[in-house]
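To start, the structure under review is shown below, and the notes come after it.
Numbering (the working numbering), first residue to last: 4 to 375.
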């Protein structure tokens with residue numbers, strides 16, 4: 004019931020429109036599945052379009068029909084391409100916005116029939132591939148890669164520019180044009196503040212993948228790469244492919260920073276321990292540290308030792324204070340507690356004497372009153 008007018012009404016249209024305006028389109032291709040079902044060019048066993056495989060099922064037939072019509076419309080595989088994924092789903096790839104229509108023209112199959120083959124009408128807006136870089140505790144920054152971007156433009160997006168407030172804060176970018184190697188590391192580039200080294204870094208890819216069949220870089224084409232990989236693995240070459248299985252690796256590598264007395268000598272300079280801080284007035288007391296990890300461990304040990312020394316000194320000072328107070332009392336023969344207790348005894352005796360005098364006075368008054 005999904006195809007009530009098959010094969011008369013078995014068409015849908017795909018419109019490609021590059022949102023940047025500088026690429027291609029809008030271009031619309033009509034896909035007639037009814038005509039394709041009787042065309043021997045798309046029969047089971049025929050070569051796929053483009054060539055490279057064999058049509059084995061209906062999905063292969065549909066992708067071949069779409070790619071054939073795209074080529075007739077003058078669109079290259081880099082502009083628009085149909086394929087299938089490992090889940091048996093039809094995938095239409097393009098850097099342009101894609102509109103699918105199956106109901107607004109004569110001969111259209113209708114929305115229900117379109118849904119039956121796993122597609123739905125609507126406009127699907129393209130998104131640029133991207134990845135996110137974070138240095139230390141700085142805010143993560145998402146870097147987009149637009150069609151036609153060069154290495155120079157990518158580096159410009161990565162490096163922090165204090166004037167425009169764009170790029171990744173705390174990131175140094177190095178490009179070896181001879182070997183085609185792009186290297187990122189924590190630190191500030193010489194051009195934007197001076198070479199500061201060290202820190203943690205993470206690189207996270209978006210959901211975009213690089214298709215070996217469409218890759219322009221030979222290192223991303225078979226036999227180097229036979230399966231799709233994420234954008235980060237493609238850019239930094241962090242993958243391994245044995246022809247069957249593709250393994251994506253972390254693009255980051257831990258590096259121990261050391262300072263050589265002479266490049267390549269293997270002799271390293273110890274971290275400075277004097278003339279540090281404001282006015283060069285701080286001394287760390289840490290010696291023979293040649294790498295960051297060793298330096299950090301010695302700082303922790305030195306801090307713990309200083310704390311223990313301070314605690315012991317505090318206890319010694321309390322003991323010394325008690326000894327000095329006792330010596331002072333012994334030297335001058337005055338014990339405040341003892342003298343205070345004597346004063347209380349005297350005060351009590353004085354109060355008792357006062358009460359006795361008062362009683363005698365009352366008795367004398369009584370005696371005088373008796374003779375009156």
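Every residue, glycine too, gets a C-beta built ideally from N, C-alpha and C.
Relative to the alpha-carbon of residue i, which residue among the options has its alpha-carbon at the smallest distance?
i	options	result
residue 59	28, 91, 35	91
residue 222	205, 183, 87, 271	183
residue 163	233, 278, 117, 172	172
residue 213	108, 229, 122, 48	229
residue 272	286, 248, 174, 298	298
residue 78	88, 115, 87, 96	96
residue 252	208, 294, 321, 283	208
residue 157	139, 167, 134	134
residue 72	30, 88, 107, 93	30
residue 136	119, 249, 186, 288	186
Round the Cβ separation of residue i and residue j to the nearest angstrom and send it over; I've been treating them as touching at under 8 angstroms.
i	j	result
residue 211	residue 101	No, residue 211 and residue 101 are not in contact; Cβ-Cβ is about 15 angstroms, not under 8 angstroms.
residue 254	residue 239	4 angstroms
residue 226	residue 246	6 angstroms
residue 12	residue 151	Actually they do not touch by this definition, with Cβ atoms about 40 angstroms apart.
residue 80	residue 217	6 angstroms
residue 142	residue 16	44 angstroms between Cβ atoms; not a contact.
residue 14	residue 110	5 angstroms
Label residue i either buried or exposed according to how many other C-beta atoms from any shown protein chain fall within 10 Å of its C-beta, with 16 as the threshold for buried.
i	result
residue 170	buried
residue 160	buried
residue 365	exposed
residue 290	exposed
residue 34	buried
residue 371	exposed
residue 206	buried
residue 84	buried
residue 363	exposed
residue 345	exposed
residue 82	buried
residue 349	exposed
residue 232	buried
residue 189	buried
residue 43	exposed
residue 313	exposed
residue 236	buried
residue 310	exposed
residue 215	buried
residue 174	buried
residue 327	exposed
residue 45	buried
residue 367	exposed
ask   = For the 8 angstroms Cβ check, are there 3 or more pairs between the segment 29-43 and the segment 61-77?
value = yes
At least three beta-carbon pairs within less than 8 angstroms, the segment 67-78 to the segment 43-54: yes
query = Hey, which unbroken runs of the alpha helix (DSSP H) at 4 residues or more fall wholly within the segment 21-46?
reply = 36-41
### Message
Count Cβ pairs between the segment 128-135 and the segment 146-155 that sit closer than 8 angstroms; are there 3 or more?
### Response
yes
field: Minimum length 4: unbroken alpha helix (DSSP H) runs contained in the segment 61-130
entry: 61-75, 114-119
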